[in-house]
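S.K.: Chains as they are written, first to last, in the numbering used here: chain A, 1 to 133; chain B, 1001 to 1113.
Pasting a structure below so you can have a look.
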Amino acid sequence: MSEAAAKKIRPRYLSLQALIFEIRLPLPGWVSILHRVSGALLFVAMVWLLWMLDRSLASEAGFDAVKRYAGLWPVKLSLLVLVWAYCHHFCAGIRFLFLDLDKGVDRETARATSVIVLVVSLALAAWLGVLLW
Amino acid sequence: MSRVVVGAHYGLRDWLAQRITAALMALYTVVVLWAILAGPALTYARWQELFAAGWMRVATLLFAASLAWHAWVGVRDILMDYIKPDGLRLALQVLVLLTIAAYLGWTIQILWR
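Encoded structure:
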């Protein structure tokens, strides 16, 4: 190990402010941070989704109530965001699995696959949104 | 070159577990989505029947268990990256673990009521 490398402070932590305002994030970076955001969102929303699953399976009246509830526009919009979060987490996750296997790590491929992930997850979310409503 | 390794050596196991559980959940997602979308319009009878099937209950339980481990590794990583004070991070990690346990218990209750 060279002396210069040894002196570098690792790991280097970046503040949230720096991440948001100072750094121009390349597309693979967006896929990565959105993977985190979507994962955190799904974890927090789990209580709400489980509640709806619980009600919808409890009785026919519960099922109809959840159906009506899911038809309200703020609920519909929130569910659509969660559907997107799931699709993004899914697609980006597959991309990361390939990266773990050392596939697609060169710059051009990494950029291309991150565009694919962003576009496909949006398209999937739109498709599922149309199917569900 | 010798390395000094510290910690409880759970890094690789959790890293691997996160990926294996991800693959399991992806498979479940595709199968269940297909089961829901392939048939006629969703009614209570169809919905109830789907979750009454033995394979579906077991698959959903496996999904929930995978999700519990997967989410624990993920949320723990996020907390380790952004929450610097040790006490606060520990408290949040305990809160997350309790939440995950509650989610899992609730899922079992929903599946076998």
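Where is the CB? At the ideal position from N, CA and C, for every residue including glycine.
Quick caveat, the model's predicted, so the values are computed rather than measured.
(1) At a CB distance below 8 Å, what residues from the region 17-28 of chain A approach chain B? Give them in sequence order.
(2) Below 8 Å, can you find three or more Cβ-Cβ pairs linking the region 22-37 of chain A to the region 77-84 of chain A?
(3) Check the Cβ-Cβ distances between Y1028 of chain B and every residue of chain A, and say whether any is below 8 Å.
(4) Whose CA, out of A:L124, A:T109 and A:H88, lies closest to the CA of L34 of chain A?
(5) Considering only heavy atoms of the ligand SAM, does any lie closer than 7 Å to the CB of L122 of chain A?
(6) Within the 8 Å Cβ cut-off, does T1107 of chain B reach chain A?
(7) State the DSSP-derived secondary structure class of V1073 of chain B, mapped to helix, strand or coil.
(8) Could you list which residues in chain A have their beta carbon closer than 8 Å to that of W1069 of chain B, in chain order?
(9) For G93 of chain A, go through chain B and note every residue whose CB falls closer than 8 Å to its CB, in chain order.
(10) Can you check whether the CB of A1017 of chain B is closer than 8 Å to the CB of V1073 of chain B?
(11) Any beta carbon from chain A within less than 8 Å of T1110 of chain B's own beta carbon?
(12) Should L50 of chain A and W1106 of chain B be called a contact, given that it needs their Cβ atoms to be closer than 8 Å?
(13) Please name the residues in the region 50-69 of chain A whose beta-carbon is closer than 7 Å to at least one beta-carbon of chain B, in chain order.
(14) Which residue marks the beginning of the alpha helix (DSSP H) containing T1043 of chain B, and which one marks its end?
(15) By DSSP, does V1032 of chain B sit in helix, in strand, or in coil?
(16) Cβ of V970 of chain B less than 8 Å from any chain A Cβ?
(17) Starting from V105 of chain A, trace the alpha helix (DSSP H) in both directions and tell me its first and last residue.
(18) Considering only C-alpha positions, which residue in the set A:F43, A:D64 and A:G93 is nearest to L82 of chain A?
M.R.: On the basis of the data shown:
(1) So the list is empty, because no residue satisfies the distance condition.
(2) As far as the Cβ criterion goes, the region 22-37 of chain A does not touch the region 77-84 of chain A, which means the pair count is below three.
(3) It does not; no Cβ of chain A falls within 8 Å.
(4) Measuring from the Cα of L34 of chain A, the nearest candidate turns out to be A:H88.
(5) Because no ligand of any kind appears in the structure shown, any question about the ligand SAM cannot be addressed here.
(6) Chain A has a Cβ within less than 8 Å of the Cβ of T1107 of chain B.
(7) DSSP places V1073 of chain B in helix when its eight states are reduced to three.
(8) Result: empty, since nearest Cβ-Cβ is about 13 Å, beyond 8 Å.
(9) What G93 of chain A touches in chain B: A1022 and A1026.
(10) In this structure, the beta-carbon distance from V1073 of chain B to A1017 of chain B falls below 8 Å.
(11) Sequence check: residue 1110 of chain B is Ile here, not Thr. At a cut-off of 8 Å between beta-carbon atoms, I1110 of chain B makes contact with chain A.
(12) When the beta-carbon positions are compared, L50 of chain A and W1106 of chain B come within less than 8 Å of each other.
(13) Hits within the stretch, in order: L50, L53, D54, S56, L57, E60 and F63.
(14) For T1043 of chain B, there is no enclosing alpha helix (DSSP H), as DSSP marks it with neither H nor E.
(15) Three-state DSSP puts V1032 of chain B in a helix.
(16) Absent from the model: residue 970 of chain B. The displayed extent of chain B is 1001 to 1113, so no value can be given.
(17) Where V105 of chain A is concerned, there is no enclosing alpha helix (DSSP H), because DSSP gives it neither an H nor an E.
(18) Nearest option by C-alpha distance: A:F43.
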